[in-house]
Amino acid sequence: MAHGDGKLTQELDPSDHGPRDACGVFGVWAPGEEVSKLTYFGLYALQHRGQESAGIAVGNGDNLLVYKDMGLVSQVFDESTLSTLIGDVAIGHTRYSTTGASEWQNAQPTLGATPAGTVALGHNGNLTNTQELLELVRVRVGSDVGELRYGNTTDTALVTALFGSYAGHTLEEAAAAALAEVKGAFSLVFCDETTLYAARDPQGVRPLVLGRLERGWVVASETAALDIVGASFVREVEPGELITVDEQGLRSRRFAAAEPKGCLFEFVYLARPDTHISGRSVHETRVEIGRRLAKEHPVDADLVIPVPESGTPAAVGYAEASGIPYGMGLVKNSYVGRTFIQPSQTLRQLGIRLKLNPLREIVSGKRLVVVDDSIVRGNTQRALVRMLREAGAAEVHVRISSPPVKWPCFYGIDFASRAELIANGLSTDEICRSIGADSLAYVELDTLIETTTVPKRNLCRACFDGVYPIEPPVAPGKGALEQPALPGLAEGQSGQGCESPDRDGLAESLHMGDPTDGLTTLASSGGAADALRHP
Ligand code: SF4
Numbered sequence: 001m002a003h004g005d006g007k008l009t010q011e012l013d014p015s016d017h018g019p020r021d022a023c024g025v026f027g028v029w030a031p032g033e034e035v036s037k038l039t040y041f042g043l044y045a046l047q048h049r050g051q052e053s054a055g056i057a058v059g060n061g062d063n064l065l066v067y068k069d070m071g072l073v074s075q076v077f078d079e080s081t082l083s084t085l086i087g088d089v090a091i092g093h094t095r096y097s098t099t100g101a102s103e104w105q106n107a108q109p110t111l112g113a114t115p116a117g118t119v120a121l122g123h124n125g126n127l128t129n130t131q132e133l134l135e136l137v138r139v140r141v142g143s144d145v146g147e148l149r150y151g152n153t154t155d156t157a158l159v160t161a162l163f164g165s166y167a168g169h170t171l172e173e174a175a176a177a178a179l180a181e182v183k184g185a186f187s188l189v190f191c192d193e194t195t196l197y198a199a200r201d202p203q204g205v206r207p208l209v210l211g212r213l214e215r216g217w218v219v220a221s222e223t224a225a226l227d228i229v230g231a232s233f234v235r236e237v238e239p240g241e242l243i244t245v246d247e248q249g250l251r252s253r254r255f256a257a258a259e260p261k262g263c264l265f266e267f268v269y270l271a272r273p274d275t276h277i278s279g280r281s282v283h284e285t286r287v288e289i290g291r292r293l294a295k296e297h298p299v300d301a302d303l304v305i306p307v308p309e310s311g312t313p314a315a316v317g318y319a320e321a322s323g324i325p326y327g328m329g330l331v332k333n334s335y336v337g338r339t340f341i342q343p344s345q346t347l348r349q350l351g352i353r354l355k356l357n358p359l360r361e362i363v364s365g366k367r368l369v370v371v372d373d374s375i376v377r378g379n380t381q382r383a384l385v386r387m388l389r390e391a392g393a394a395e396v397h398v399r400i401s402s403p404p405v406k407w408p409c410f411y412g413i414d415f416a417s418r419a420e421l422i423a424n425g426l427s428t429d430e431i432c433r434s435i436g437a438d439s440l441a442y443v444e445l446d447t448l449i450e451t452t453t454v455p456k457r458n459l460c461r462a463c464f465d466g467v468y469p470i471e472p473p474v475a476p477g478k479g480a481l482e483q484p485a486l487p488g489l490a491e492g493q494s495g496q497g498c499e500s501p502d503r504d505g506l507a508e509s510l511h512m513g514d515p516t517d518g519l520t521t522l523a524s525s526g527g528a529a530d531a532l533r534h535p
């Protein structure tokens, strides 16, 4: 009997997954509190940012203990495990890796020795100068250090090794010096036996916020995680800032000047709706996108339905602004959301049926507006349109609350290679025909930007317009850590920090996909390459 590919997934169609964020990071300094349990609940709130492995490191003044494993936060930790993780400071991490070869040793937090002591580190984002950093580490301390020696092929392990390459520095000084050499997207939490640290890249691509407990401090990827542990929001960790929290209080220093370029896609899809970014409610932003979408792309219809759940706020906004009634036309089964999917096409098609089922009585005979957050390869929307027609829909008009995704992300979001992105090769009309809809429209980029209330100059929108605010990585790209340049690394490891612009079945570099991979045309399943073969 054939077995599934072993990947846990909650995608509607595993061959056409939506954008995948990255990782979730959380840290707490609160002597006298149950820091590991606070971290557990913080990670629980950030589970959507990474569902493959989870880990917590706790410092108790003398020692630093890390516990991590593959699986969801609730699968990795239980009461008895948490009861052994006692201390004053803790950090936690939830990870999305990129290939089936995702392995325990690539789970985070990573652990490493520095001249100033031991450090545990968790990372959200992707670095873009990994080769440079590899060389720096190799020259200074050799490549057979820390977790790199044991086959950890993430850029996180590399940053940990970099921290250890500054002789005679305190960890705070070493981190400030090291981070000035690191390029790309990174929201970091790290700790030693006594102290919590948090840092954000100069562009602030990935989010990171600071919160206050009655008797301590918290840092987290999203404000929603502060809410869940009862912390009050203080401010965002600033781009280029390093924060240190210990018994002397909270200190802030800069390792680089701020050049803010926050990720626009966090507003569209990645962040929780109950999170605030740059003072703006993510949920309200999404509803407003829907309202603007209705004004930009109206259509005569009987019912607005969301693709649950990510399309829901924009569908609410579309219905509100258009005056067309809102309804639930698709039911999502949350309980089969995570299942082993057989990698055959037949079962992939069954997969979407298992997870979304149309309400025949609601959609039959109706002219529908179907609102979704994005189209990556187009396979999911094609299956949805077909399903709704089979359920009796008279017309299916698809509205998308983001502009066409045409470019890969090099900063921590896993879309697909450029060749797999349907909007890279096809016009909107061609995509409409490909998915079989009666009409298709996307929100305009400038409109989307306006809804965030963040100035355009302060946002990364590269996956929509191809303007990369940080220079994308250069060769050698894929397989970088499998090369002899770093002999301490195990051959064939799937090197992946948290995320990659390209995954399925491809060997990964330490940090990023081959930059050229996103810029050349490859034969691939789905996307523009074969979209017109599936009208
Ligand atoms: S390329 Fe897109 S997903 Fe990546 S950081 Fe920029 S806006 Fe976000």
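Position one of the sequence shown corresponds to residue 1 (full-length UniProt numbering), numbered consecutively onward. C-beta: ideal position from N, C-alpha, C; glycine also.
Assigned secondary structure, Tyr96 (DSSP; H/G/I helix, E/B strand, else coil): Working through the sequence shown from its first residue, we reach residue 96 at position 96. Coil.
Alpha-carbon to alpha-carbon, Ile431 and Lys332: Counting from one through the sequence shown, the residue named residue 332 turns up at place 332. Counting from one through the sequence shown, the residue named residue 431 turns up at place 431. So the two alpha carbons sit approximately 25 Å from each other.
Asp514 classed as buried or exposed, judged by whether at least 16 other C-beta atoms fall within 10 angstroms: Numbered from its first residue, the sequence shown carries residue 514 at position 514. Here Asp514 scores only 31 on pLDDT, less than 50, and its place in the model should not be relied on; the value that follows carries that caveat. Asp514 is buried by the Cβ-count criterion.
Tyr166 - containing alpha helix (DSSP H), residue span: For this step, residue 166 is matched to residue 166 along the sequence shown. It is not in any alpha helix (DSSP H) - Tyr166 carries neither H nor E in the DSSP assignment.
The ligand SF4 heavy atom lying under 8 Å from the CB of Phe186: Position 186 of the sequence shown holds residue 186. No, Cβ of Phe186 sits at least 8 Å from all heavy atoms of the ligand SF4.
Sheet register partners of Asn357 (DSSP bridge): Taking the first residue of the sequence shown as position 1, residue 357 is located at position 357. Beta-bridge partners of Asn357 (DSSP): Val331.
C-beta atoms of Met387 and Arg353 nearer than 9 Å: Position 387 of the sequence shown, counted from the start, is the residue given in the question as residue 387. Position 353 of the sequence shown, counted from the start, is the residue given in the question as residue 353. Cβ distance < 9 Å, so Met387 and Arg353 count as in contact.
C-alpha distance - Asn106 paired with Thr94, whole-angstrom precision: Your numbering for residue 106 matches position 106 in the sequence shown. Your numbering for residue 94 matches position 94 in the sequence shown. The alpha-carbon atoms of Asn106 and Thr94 are separated by roughly 12 Å.
Range of the contiguous beta strand (DSSP E) that encloses Leu226: Residue mapping note: residue 226 aligns to position 226 of the sequence shown, counting from 1. Element bounds for Leu226: not the beta strand (DSSP E) but the alpha helix (DSSP H), 223–228.
Nearest neighbour of residue 536, chosen from Asn424, Ala30, Phe410 [CA to CA]: Examination of residue 536 is not possible in this model, given that the chain is present from 1 through 535 alone.
Pocket of the ligand SF4 (residues with CB nearer than 6 Å to any heavy atom), chain order: With 6 Å as the limit, the residues whose C-beta approaches any heavy atom of the ligand SF4 more closely are Val205, Cys263, Leu264, Phe265, Cys409, Tyr411, Ile413, Cys460, Arg461, Ala462, Cys463, in sequence along the chain.
Bounding residues of the alpha helix (DSSP H) (the contiguous stretch that carries Asp465): Here residue 465 is taken as the residue at index 465 of the sequence shown, counted from 1. First-last of the alpha helix (DSSP H) with Asp465: 462–465.
Closest by C-alpha distance to Thr118, when choosing among Glu320, Glu147, Leu133, Ala393: In the sequence shown, counting from the first residue as 1, residue 118 sits at position 118. When C-alpha distances from Thr118 are compared across Glu320, Glu147, Leu133, Ala393, the shortest belongs to Glu147.
Local Cβ density within 10 Å of Gly477, reported as buried at 16 or more and exposed below that: Mapped onto the sequence shown, residue 477 falls at position 477. Annotation note: pLDDT 43 at Gly477 (below 50); position unreliable, coordinate value reported separately. Buried.
Cα-Cα separation between Leu459 and Arg235, rounded to whole angstroms: For the purposes of this step, residue 459 is identified with residue 459 of the sequence shown, where counting begins at 1. For the purposes of this step, residue 235 is identified with residue 235 of the sequence shown, where counting begins at 1. Approximately 18 Å, taken between the alpha carbons.
Inter-residue spacing [alpha-carbon to alpha-carbon] between Leu196 and Ala57: Working through the sequence shown from its first residue, we reach residue 196 at position 196. Working through the sequence shown from its first residue, we reach residue 57 at position 57. Here the C-alpha atom of Leu196 lies approximately 11 Å from the C-alpha atom of Ala57.
Cβ separation of Ser221 and Asn124, assumed to be a contact under 8 Å, to the nearest whole Å: Start at 1 with the first residue of the sequence shown, and residue 221 comes out as number 221. Start at 1 with the first residue of the sequence shown, and residue 124 comes out as number 124. For a cut-off of 8 Å, the C-beta gap from Ser221 to Asn124 is around 6 Å, short enough to register as a contact.
Strand pairing of Ile305, partner residues [DSSP]: For the purposes of this step, residue 305 is taken as the residue at position 305 of the sequence shown. Beta-bridge pairing links Ile305 to Val370.
Cβ of Ala271 within 9 Å of any chain C Cβ: No chain C appears in the structure shown, which is made up of a single protein chain.
Burial state of Thr84 (16 or more Cβ within 10 Å): By 1-based counting over the sequence shown, the position of residue 84 is 84. Label assigned to Thr84: exposed.
Arg215 to Gly279 span [Cα, whole Å]: Numbered from its first residue, the sequence shown carries residue 215 at position 215. Numbered from its first residue, the sequence shown carries residue 279 at position 279. Taking the straight line from one Cα to the other gives about 25 Å.
Assigned secondary structure, Leu270 (DSSP; H/G/I helix, E/B strand, else coil): Within the sequence shown, the letter at position 270 stands for residue 270. If DSSP states are grouped into helix, strand and coil, Leu270 belongs with the helices.
Beta-carbon proximity list for Asn60, same chain, < 8 Å, skipping 5 on both sides: In the sequence shown, the residue the question calls residue 60 occupies position 60. Hits under 8 Å: Ile86, Gly87, Asp88, Glu193.
Cβ pair Ser427, Val398 closer than 9 Å: Here the question's residue 427 lines up with position 427 in the sequence shown. Here the question's residue 398 lines up with position 398 in the sequence shown. Against a cut-off of 9 Å, the Cβ pair of Val398 and Ser427 comes out as no contact.
Chain-order list of residues whose beta-carbon lies under 6 Å from that of Pro31 (same chain, five-residue window excluded): Within the sequence shown, the letter at position 31 stands for residue 31. Non-local beta-carbon contacts of Pro31 in its own chain, meaning distances under 6 Å to residues more than five positions away in sequence, involve Asp88 in chain order.
Residue span of the alpha helix (DSSP H) that contains Asp69, given as start and end: Counting from 1 along the sequence shown, the entry for residue 69 is found at position 69. Note, Asp69: premise wrong, no alpha helix (DSSP H); beta strand (DSSP E) at 64–70.
CA nearest to the CA of Thr451, picked from Ile422, Ser232, Asn126, Ala314: Counting from one through the sequence shown, the residue named residue 451 turns up at place 451. Comparing Cα-Cα distances from Thr451 to each of Ile422, Ser232, Asn126, Ala314, the minimum goes to Ala314.
For Glu219: DSSP bridge partner residues: Your numbering for residue 219 matches position 219 in the sequence shown. Note that residue 219 is Val in the sequence shown, not Glu. Gly27, Leu210.
Given 8 Å, three or more beta-carbon pairs between the region 284–296 and the region 241–249: Under the 8 Å Cβ criterion, the region 284–296 does not count as touching the region 241–249, having fewer than three qualifying pairs.
Coil, strand or helix - Ser427 by DSSP: Within the sequence shown, the letter at position 427 stands for residue 427. Correct three-state label for Ser427: coil.
Unbroken alpha helix (DSSP H) run spanning Ala198, endpoints: On the sequence shown, residue 198 is found 198 positions in, with the first residue counted as 1. No alpha helix (DSSP H) contains Ala198, which is instead part of the beta strand (DSSP E) from 196–200.
Buried versus exposed, by CB contacts within 10 Å (16 or more), Gly323: To locate residue 323, count along the sequence shown from 1; it is residue 323. Taking a 10 Å sphere around the C-beta of Gly323, we find fewer than 16 other C-beta atoms and assign the residue as exposed.
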